[in-house]
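J.:
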Amino acid sequence: MSYQVLARKWRPARFSEMVGQEHVLQALINALNSQRLHHAYLFSGTRGVGKTTIARILAKCLNCEKGISAEPCGVCSACTEISEGRFVDLIEVDAASRTKVDDTRELLDNVQYTPTRARFKIYLIDEVHMLSNQSFNALLKTLEEPPEHVKFLLATTDPQKLPVTVLSRCLQFNLKHLETSLIHKHLAHILQLENVQADEQGIWQLAHAADGSIRDALSLTDQAIAFGNGQIRGDAITAMFGSIAPDAVYQLLLTLAEQDGKALLKTIQQLAENNPDYNEALDAILNLLHQIAVYQAVPEALDPDNPDQQKIITLAGKFTAEDVQLFYQIGINSKADFNFAPSLKGAFEMTLLRMLAFQPQAVSGVTVTHTTGRPEITEKKPEPTRPASAPLNQTKEQQNQETRPEDTASTATNTPIKKCAGATASKITTPAAKETGSTAEPSSINCSLPDTNEDWIDFFHQLPLSGMTRNIAANCTYLKSGGDHLSLTLDESQSALLNESHSQRIA
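Just so we're aligned: the sequence shown equals residues 1 to 507 in the working numbering.
#1: Valine 111: which of Lys151, Gln359, Gln259, Phe15 sits nearest, CA to CA?
#2: Do three or more CB pairs link the segment 229-247 to the segment 277-288 at distances below 8 Å?
#3: Have a look at leucine 90 and isoleucine 125 and give me their C-alpha separation to the nearest angstrom.
#4: Pick from Ala301, Ile268, Ala297, Glu273: whose alpha carbon is nearest that of isoleucine 285?
#5: For the alpha helix (DSSP H) that alanine 61 lies in, which residues bound it at each end?
#6: Run the CB neighbour count on valine 75, radius 10 Å, all protein chains shown included, and call it buried at 16 or more, exposed below.
#7: In whole angstroms, what separates the C-alpha of alanine 96 from that of glycine 317?
#8: Determine, using beta carbons only, whether asparagine 306 and glutamine 291 come nearer to each other than 9 Å.
#9: My output table needs one value for histidine 502: the three-state DSSP class, helix, strand or coil.
#10: Considering Cα atoms alone, identify which of Gly48, Ser501, Leu171 is closest to glycine 212.
#11: Count the other CB atoms, across all protein chains shown, that sit within 10 Å of the CB of asparagine 174; report buried if there are 16 or more and exposed otherwise.
#12: So what does DSSP say about isoleucine 225, is it helix, strand or coil?
#13: Using the Cα positions of serine 481 and phenylalanine 327, report the straight-line distance between them to the nearest angstrom.
#14: Tell me where the beta strand (DSSP E) around alanine 40 begins and ends.
#15: What are the boundary residues of the alpha helix (DSSP H) that includes isoleucine 190?
#16: When the Cβ atoms of the segment 204-220 are set against those of the segment 170-190, are three or more pairs found closer than 8 Å?
#17: By the 10 Å Cβ neighbour count, where 16 or more other Cβ atoms means buried, how is threonine 489 classified, buried or exposed?
#18: Could you please give the first and the last residue of the uninterrupted beta strand (DSSP E) stretch that includes asparagine 174?
#19: Compute the minimum distance between the beta carbon of glutamate 92 and the heavy atoms of the ligand SAM, and state whether it is under 8 Å.
#20: Would you kindly work out how many angstroms separate the C-alpha atoms of alanine 198 and glutamine 231, rounded to a whole number?
#21: Taking glycine 50 as the reference, give the member of Ala70, Leu37, Glu22, Asn30 with the closest Cα.
#22: In angstroms, rounded to a whole number, what distance separates the CA positions of leucine 508 and arginine 56?
#23: For glutamine 197, write down the residues that DSSP places opposite it in a beta bridge.
#24: Taking Cβ positions, are glutamate 127 and threonine 157 nearer each other than 9 Å?
#25: How many whole angstroms separate the CB atoms of isoleucine 122 and leucine 153, which I take to be in contact at a CB cut-off of 8 Å?
#26: I need the straight-line Cα distance from proline 304 to serine 34, nearest angstrom please.
#27: When you compare only the Cα positions, how much space is there between leucine 356 and alanine 263?
#28: Under 8 Å, with one C-beta from each stretch per pair, do the segment 217-228 and the segment 245-260 reach the 3-pair mark?
#29: Have a look at Gln4, Leu253, Ala248, Ile29 and flag the residue whose alpha-carbon is nearest the alpha-carbon of asparagine 274.
#30: The beta strand (DSSP E) with leucine 465 in it runs from where to where?
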């Protein structure tokens, strides 16, 4: 016996054998069991999701010799002949090849005659949207009031092209894309029955490539079996599709996480040696980023059968949620650049370099200031006699003086990000207070004098400063400390804001 392709060999013969589409099956099963039968059904959906298959099973249910039910026997002559495509009272029409009005009129001339053997004469019109307007007009009256022995089963991939007058005369069933996990499970079951050796990675790649279509999945499986000489392996599927290997996608994102530009370019060059489809490569990166984002938001949503599960978990720990969202947006926006770039490789490379360049840098114990693009210049002078970059001699009691309320600009963008780590308490008395004999009782600051710039950032959070004074202090850098004195330097770009009043308040 000649070989039969998987898509035909494993075509469902009963509703119970269908994969997915429960919303359609439930309605049809209930209608058949209650004998509430309409005269026209319209099945719409993308290719390979089961439109024609459901129509043929429905034809069996209507004409089974055991009676009308949702479970045809499958052994009577009507069921057998419908399965083999030779049932005389099931007229299948390819509307794409019979678009003329004369073809439709010829078809409808036999509607008035009763079925030869069956209970109903069934017209199954595939790709019905391809009929001409004149053909629809000829069909309209018959579709509205057909004889009792006639049923119309229409299938289309583009219901928007059907006239509203046709749509209103049919029960419409919209078939959905199938989930990748459903396709994977179905393929694994069929390959086991076919005794074909297959690894999980290869099956998942076929399920993803099917893009929601069972028929496409089975056709690709046939191709993969031939390519792999009777086996399905992940590396063979990658070579067959000319796509980017899952490990390569993981490696690209790993180099981004490590901010290693050299390794990133090296990995891209290794990909280029296999001449991949760069659009597909970017889609693979975006797909992995999407899975990472889902895992970060809802960890339990990660499919435990996903072969990339461990990679997703690892990368989710290396990227912040903001990183993932930024990379995804950069990738989506960069897809438009592929049409205008001098080369697809260059566009792909620039996309990843853009992700690397715009990745937020981790800041640890450093004051965040606005970058002007000019080198920073700091000067150290004995005392701040004019608004310029100068060290501020800061002592204990000056730090503890009562601050005045400021009504100047907010300091939200320039405050250090690290909080005080709980240093030992000490009282700091400034020389200025001693000289003037100030009677104000100094307050206690729960931080010791800083010895490093990081300690200064901790110390800064304990200072009772506000307004512009706090903004200036936030842009100061630790210089040195000794005894009860603390010396700071101010960035030259901020020096215009400094005056004697601010210096005294900081002190």
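Where is the CB? At the ideal position from N, CA and C, for every residue including glycine.
T.: Per the coordinate set shown:
#1: Reading the sequence shown from its first residue, position 111 is the one you call residue 111. With distances taken between Cα atoms, valine 111 lies closest to Lys151.
#2: Verdict: yes, contact present.
#3: The residue given as residue 90 occupies position 90 in the sequence shown. The residue given as residue 125 occupies position 125 in the sequence shown. Computed Cα separation, rounded: 10 Å.
#4: The sequence position of residue 285 within the sequence shown is 285, counting from 1. The residue with the shortest Cα to Cα distance from isoleucine 285 is Ile268.
#5: Stepping through the sequence shown from its first residue, residue 61 is reached at position 61. Before going further, note that residue 61 is cysteine rather than alanine in the sequence given. From DSSP, the alpha helix (DSSP H) with cysteine 61 extends over 51-63.
#6: By one-based count along the sequence shown, residue 75 stands at place 75. So valine 75 ends up on the exposed side.
#7: As a working mapping, residue 96 is identified with position 96 in the sequence shown. As a working mapping, residue 317 is identified with position 317 in the sequence shown. Rounded to whole angstroms, alanine 96 to glycine 317 spans 53 Å at the Cα level.
#8: Counting from 1 along the sequence shown, the entry for residue 306 is found at position 306. Counting from 1 along the sequence shown, the entry for residue 291 is found at position 291. Cβ atoms of asparagine 306 and glutamine 291: closer than 9 Å.
#9: Taking the first residue of the sequence shown as 1, we reach residue 502 at position 502. If DSSP states are grouped into helix, strand and coil, histidine 502 belongs with the helices.
#10: Your numbering for residue 212 matches position 212 in the sequence shown. Cα-wise, what sits closest to glycine 212 is Gly48.
#11: Against the sequence shown, residue 174 aligns to sequence position 174. It counts as exposed.
#12: Counting from one through the sequence shown, the residue named residue 225 turns up at place 225. DSSP places isoleucine 225 within a helical segment (H, G or I) once states are collapsed to three.
#13: Translated into the one-based positions of the sequence shown, residue 481 becomes position 481. Translated into the one-based positions of the sequence shown, residue 327 becomes position 327. Distance between the alpha carbons of serine 481 and phenylalanine 327 is about 43 Å.
#14: In the sequence shown, counting from the first residue as 1, residue 40 sits at position 40. Counting along the chain, the beta strand (DSSP E) containing alanine 40 begins and ends at 40-44.
#15: Looking up residue 190 in the sequence shown gives position 190. Residues 180-193.
#16: yes
#17: For this step, residue 489 is matched to residue 489 along the sequence shown. Answer is buried; the Cβ neighbour count reaches 16.
#18: Residue 174 sits at position 174 when you count from the first residue of the sequence shown. First-last of the beta strand (DSSP E) with asparagine 174: 171-174.
#19: As far as ligands go, the structure on display features none, and thus does not contain the ligand SAM.
#20: Within the sequence shown, numbered from 1, the residue matching residue 198 stands at position 198. Within the sequence shown, numbered from 1, the residue matching residue 231 stands at position 231. In a straight line, the C-alpha of alanine 198 is about 6 Å away from that of glutamine 231.
#21: Looking up residue 50 in the sequence shown gives position 50. When only C-alpha atoms are compared, the closest one is Glu22.
#22: This structure does not reach residue 508, given that the chain is present from 1 up to 507, and the question cannot be answered.
#23: By one-based count along the sequence shown, residue 197 stands at place 197. In the DSSP output, where bridge partners are listed per residue, glutamine 197 has Gln231.
#24: Taking the first residue of the sequence shown as position 1, residue 127 is located at position 127. Taking the first residue of the sequence shown as position 1, residue 157 is located at position 157. Cβ atoms of glutamate 127 and threonine 157: closer than 9 Å.
#25: Numbered from its first residue, the sequence shown carries residue 122 at position 122. Numbered from its first residue, the sequence shown carries residue 153 at position 153. Contact holds; Cβ gap of about 6 Å.
#26: Residue mapping note: residue 304 aligns to position 304 of the sequence shown, counting from 1. Residue mapping note: residue 34 aligns to position 34 of the sequence shown, counting from 1. For proline 304 and serine 34, the distance between alpha carbons rounds to 40 Å.
#27: Residue 356 sits at position 356 when you count from the first residue of the sequence shown. Residue 263 sits at position 263 when you count from the first residue of the sequence shown. For leucine 356 and alanine 263, the distance between alpha carbons rounds to 12 Å.
#28: Too few Cβ pairs lie closer than 8 Å, so no.
#29: By one-based count along the sequence shown, residue 274 stands at place 274. For the residues Gln4, Leu253, Ala248, Ile29, the minimum Cα distance to asparagine 274 belongs to Ala248.
#30: Reading the sequence shown from its first residue, position 465 is the one you call residue 465. Leucine 465 -> no beta strand (DSSP E), and no H or E assigned at all.
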